[in-house]
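I have placed the structure first, in the form of structure tokens, so that the comments after it can refer back to it.
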Amino acid sequence: MPKAKGDEGDNRLISIPESERRVMMETRQLPLFELYRYQDWDRLFLNPAFSLSRRWSLTKKSRVIESTLVSIPLPPVYVAEMRSGPLVVVDGHHRLRSLFDFLAGRYRLTGLTLMSHLNGSTFDTLEASIRRKIEDYYITVHTITQETHPHILYELVRRIHEGSEKLKPGQFRVLLLEERVQRLLLDYSKDGHFSEAIRGKIPGTYAMDTILRFFAFAEMGFYHYAGDLNRYVEEYIERYSHLLASDGTWEMFRDSMELMARLYGETRVYHPKLQGNVQANRAFFELLAVGFTRYLEQIPSRWHQVQLCVEQLMNDERFVQSLLKQPLSEENVLYRYNTWFTLLHNCVGGERDT
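For the sequence shown, the numbering used here begins at 6 and goes up steadily by one.
Laid out in structure tokens, this is it:
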């Protein structure tokens with residue numbers, strides 16, 4: 006079934022010249038220890054948030070080690086070349102994290118069935134011959150080169166994750182960014198007010214992408230949105246991602262997230278139909294937070310009026326439906342932002358922040 010307009014699927018592939026509709030990839034067999042050194046030498050970036058948010062049990066991690074000892078092939082790892090910085094892992098995080106953590110002595114083997122006599126061992130307590138076997142285990146690494154069209158890279162990673170972890174675009178989109186941007190988004194995701202605001206509404210696996218979308222709409226303005234979220238976010242990264250490291254951006258983020266945490270703590274801010282709907286809650290969260298950035302100085306003194314405006318939004322059936330059905334379509338996004346910004350201006354009053 007074709008994707009509806011406004012879904013997060015990428016419908017731009019048909020606009021790519023046929024000669025560019027292919028994945029440019031190099032495949033190598035690399036020993037585990039060499040990959041491990043790649044990370045130490047900042048030649049390979051493995052986003053820690055991706056592994057932590059979908060944590061594997063010690064038994065599952067241990068069985069990855071067991072596979073290396075009995076020569077069971079592990080699935081290949083996919084990495085992408087970026088214009089700058091190290092190679093970025095786009096698939097294989099948990100396998101690599103299991104291997105790297107064991108080499109670093111961070112856990113003991115447990116739950117092994119084929120090599121049960123090794124249960125309880127750390128890497129350093131294994132015999133030298135066994136340690137060498139693990140270090141010399143060859144892993145298939147597919148490197149997607151810079152010559153691959155960005156839309157084709159996105160499509161490849163989407164298909165990989167559909168078939169394995171069943172991840173949505175909002176969960177893997179950040180893996181396609183340069184290490185510099187991923188690290189900045191990771192730092193933002195650790196903000197206490199942000200964590201408090203999304204708790205129970207937006208899963209942690211969407212945290213960094215939620216922040217990315219927030220900044221895109223806050224910096225570029227909703228009126229530039231044309232129904233293609235991927236293109237919109239790409240444009241933000243290209244034009245404005247350098248601002249992520251600025252003190253002003255940090256201050257704007259912290260102040261708006263403090264207001265979001267306060268709002269979500271004091272007010273029942275979502276319609277019952279939104280409960281459990283991740284995409285709807287992300288769109289709503291992003292909308293409210295972007296609106297707050299326009300009136301950060303005025304909102305605290307008009308807090309009760311702001312709460313009433315949010316309640317008014319939730320009584321607007323057209324608004325609620327725009328969150329539930331095709332929330333990323335151009336028509337629905339523009340309707341929501343126009344409605345919210347008008348309400349917010351009327352209830353806060355005065356000049357917006359510059």
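Positions of the beta carbon are idealized from the N, C-alpha and C atoms, including for glycine.
- Here residue 30 carries a strand assignment [DSSP, helix/strand/coil].
- Residue 206 counts as buried, since no fewer than 16 other beta carbons sit within 10 angstroms of its beta carbon.
- One thing to note: residue 32 has its Cβ within 7 Å of the Cβ of residue 147.
- Between the alpha carbons of residue 163 and residue 176 lies a gap of roughly 10 Å.
- Secondary structure at residue 49: strand, using DSSP grouped into helix, strand and coil.
- Sorting 150, 69, 46 by C-alpha distance to the C-alpha of residue 30 places 150 at the top.
- Between residue 63 and residue 112, the CB-CB gap stays under 7 Å.
- For residue 96, the secondary structure class from DSSP, reduced to helix, strand or coil, is strand.
- Between the alpha carbons of residue 105 and residue 281 lies a gap of roughly 35 Å.
- By the 16-neighbour rule on beta-carbons within 10 angstroms, residue 215 is buried.
- In this structure, residue 334 sits near residue 232, with a CB-CB distance shorter than 7 Å.
- Apart from sequence neighbours up to five positions away, the residues of its chain that approach residue 126 with a beta-carbon distance below 6 Å are 114, ordered along the chain.
- DSSP links residue 35 through a beta bridge to 144.
- One Cα belongs to residue 193, the other to residue 213, and the distance between them is close to 8 Å.
- Taken through DSSP and simplified to helix, strand or coil, residue 75 comes out as coil.
- If you draw a straight line from the Cα of residue 156 to the Cα of residue 286, it comes to about 27 Å.
- For residue 223, the secondary structure class from DSSP, reduced to helix, strand or coil, is helix.
- At a Cβ-Cβ threshold of 7 Å, residue 332 and residue 284 count as neighbours.
- Pairing residue 93 with residue 190, the inter-Cα distance amounts to about 15 Å.
- The residues 237, 338, in chain order, have a CB closer than 6 Å to that of residue 230 in the same chain once the five nearest residues on each side in sequence are set aside.
- Leaving aside the five residues that flank residue 187 on each side, the residues in its chain whose CB is nearer than 8 Å to its CB run, in chain order, 50, 52, 93, 179, 180, 213.
- If you compare the alpha carbons of 48, 39, 110 with that of residue 89, the shortest gap goes to 48.
- For residue 85, the three-state secondary structure derived from DSSP is strand.
- DSSP places residue 287 in the uninterrupted alpha helix (DSSP H) bounded by 283-298.
- Taking the C-beta atoms as reference points, residue 349 is found nearer than 7 Å to residue 296.
- Annotation: the continuous alpha helix (DSSP H) that includes residue 191 extends over 184-194.
- Secondary structure at residue 207: coil, using DSSP grouped into helix, strand and coil.
- Excluding residues up to 5 positions away in sequence, 198, 201, 202 lie with their Cβ nearer than 7 Å to the Cβ of residue 266 in the same chain.
- Excluding the 5 residues flanking it on each side, residue 103 has same chain C-beta neighbours closer than 6 Å at 66, 69, in chain order.
- Per DSSP, the beta-bridge partners of residue 149 are 30, 85.
- Burial is judged here by how many other beta carbons sit within 10 angstroms of a residue's own beta carbon; residue 22 has fewer than 16 and is exposed.
- The closest CA to that of residue 262, considering only 307, 219, 303, is found on 219.
- In the DSSP annotation of this structure, the continuous segment of the alpha helix (DSSP H) that includes residue 350 starts and ends at 335-353.
- Per the C-alpha coordinates, the member of 247, 340, 250, 322 positioned closest to residue 292 is 340.
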